[in-house]
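Working notes, beginning with the structure itself.
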Amino acid sequence: MADCIFCKIGRKEIPAKIVYEDRLVVAFDDIGPQAPTHCLVIPKAHYETLNDVGAEQEGLLGHMMLVATRVARDKGIHDKGYRLVANTLAEAGQSVFHIHLHLLGGRRFAWPPG
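Residue numbering for the sequence shown follows our numbering, beginning at 2 and increasing consecutively.
This is the structure in structure tokens:
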């Protein structure tokens with residue numbers, strides 16, 4: 002999608018502090034962090050919500066999770082703990098309609114979230 006901010010980051014049209022990239026995904030530091038470590042893992046392909054992802058993208062979704070664990074290790078939070086969040090639709094908190102994982106760590110989190 003041409004005007005999607007995450008698509009633009011993936012195409013390097015908007016600067017971001019990229020912490021990992023491969024042919025399928027980009028991970029970058031969130032510009033409004035909610036924890037000492039807050040990165041986003043996005044696919045380069047555009048899918049608005051998790052509801053738009055089919056079985057044929059199962060490998061992509063798994064890859065996103067593995068990239069998140071790699072970034073957690075690189076950021077030094079792998080052994081202390083971290084949270085992965087995927088919001089779907091506005092009522093759940095999705096504000097950018099391009100699927101993404103939030104990787105949060107570096108502090109204690111409460112449960113339930115929200």
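Note that the Cβ used here is the ideal one computed from N, Cα and C, for glycine as well.
- Taking the C-beta atoms as reference points, I19 is found nearer than 9 Å to A28.
- Around K9, the same chain offers I15 as residues with beta carbons nearer than 8 Å, after the five sequence neighbours per side are excluded.
- Taking D31 as the centre and dropping the five residues before and after it, the same chain places the C-beta of H39, L41 closer than 6 Å to its C-beta, in chain order.
- In this structure, the straight-line span from the alpha carbon of E57 to that of G77 is close to 33 Å.
- In this structure P34 is exposed. Its beta-carbon is surrounded by fewer than 16 other beta-carbon atoms within 10 angstroms.
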